[in-house]
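Q: Below you will find the structure I want to go over with you.
Chains as they are written, first to last, in this note's numbering: chain A, 201 to 311; chain B, 338 to 450.
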């Protein structure tokens, strides 16, 4: 299975942009890149997903490298509420819809 | 409001005492699944269901059962709980073959003594 690699932790100041990297060098052509986050004491929450082109939604932006071997989740203006563990996930198994979670990046927001 | 609910949220039980954790979604989703989350191991899928009466094993199904008699409900059954099933459990749902958003419940923290 294609795997993702993320830094264990990152810090950012409140109201500044945050760039969360993810490496997925063995990604296949049909793998979608998904990001979820898990706030303290809550279930995971969908953030954004993409295949090849950069994507924007109300929560974040997803920048995908041209070779698709890496991607970056961008929070444009971090708030304290964005402190969470962020997971970069490749959707491999459409028949199952299974999400294979790694260890993610723990994002700390500094007031 | 679109949501996945789980009950109970917290449960302490003893080894061997059968228990059921309920999961319900109000989005008419076909797909539902159960995950457990353990420190250092992340979230791992236990069972999933593609639709009513269609269930299959995930990565860690041993010691668990599920049923899908109605579209909205997907209970997780532990027939004879053991201490190694102490964990945080999440139910999730999504529309069939969607390539994106899955909705997760708030979690059930289970302790088996």
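Glycine included, each C-beta is placed from N, C-alpha and C at the ideal position. All figures in this text were calculated on a predicted structure; none of them were measured in a lab.
Ignore the nearest five residues each way along the sequence and tell me which others in residue 311(A)'s own chain have a CB closer than 6 Å to its CB.
A: Mapped onto the first chain, residue 311(A) falls at position 111. Within the same chain, residue 311(A) has close Cβ partners 214.
Q: Using the rule of at least 16 other Cβ atoms within 10 Å of the residue's Cβ for burial, across every protein chain shown, is residue 203(A) buried or exposed?
A: Taking the first chain and counting its residues from 1, one reaches residue 203(A) at position 3. Under this definition residue 203(A) is an exposed residue.
Q: I'd like the span of the beta strand (DSSP E) that includes residue 306(A), first residue to last.
A: Numbered from 1 along the first chain, position 106 holds the residue referred to as residue 306(A). Here the beta strand (DSSP E) through residue 306(A) covers 305-310.
Q: What separation, rounded to the nearest whole angstrom, lies between the Cα atoms of residue 224(A) and residue 354(B)?
A: Mapped onto the first chain, residue 224(A) falls at position 24. Mapped onto the second chain, residue 354(B) falls at position 17. Cα to Cα, the separation comes out at about 43 Å.
Q: Can you tell me which of the three DSSP states residue 280(A) falls into?
A: Here the question's residue 280(A) lines up with position 80 in the first chain. If DSSP states are grouped into helix, strand and coil, residue 280(A) belongs with the helices.
Q: Taking 8 Å as the threshold (beta carbon to beta carbon), is residue 203(A) in contact with chain B?
A: As a working mapping, residue 203(A) is identified with position 3 in the first chain. No, because no Cβ of chain B sits closer than 8 Å to the Cβ of residue 203(A).
Q: Quick check: what's the CA-CA separation for residue 375(B) versus residue 430(B)?
A: Numbered from its first residue, the second chain carries residue 375(B) at position 38. Numbered from its first residue, the second chain carries residue 430(B) at position 93. Taking the straight line from one Cα to the other gives about 20 Å.
Q: Judging by CA-CA distance, which residue of 290(A), 264(A) and 303(A) is the nearest neighbour of residue 254(A)?
A: Position 54 of the first chain, counted from the first residue, corresponds to residue 254(A). When only C-alpha atoms are compared, the closest one is 264(A).
Q: Looking only at C-alpha atoms, which of 290(A), 235(A) and 242(A) sits nearest to residue 281(A)?
A: Taking the first chain and counting its residues from 1, one reaches residue 281(A) at position 81. Comparing Cα positions, the closest option is 242(A).
Q: In chain A, which residues lie less than 9 Å from residue 427(B) when you measure between Cβ atoms?
A: Walking along the second chain from the start, residue 427(B) turns up at place 90. Under the 9 Å cutoff, chain A gives 243 and 244.
Q: According to DSSP, what are the bridge partners of residue 343(B)?
A: Here the question's residue 343(B) lines up with position 6 in the second chain. In DSSP, residue 343(B) forms a bridge with 360(B).
Q: I want to see whether chain A comes within less than 8 Å of residue 400(B), judged by CB atoms only; does it?
A: Start at 1 with the first residue of the second chain, and residue 400(B) comes out as number 63. No, residue 400(B) lies away from the interface with chain A (no Cβ there is under 8 Å from its Cβ).
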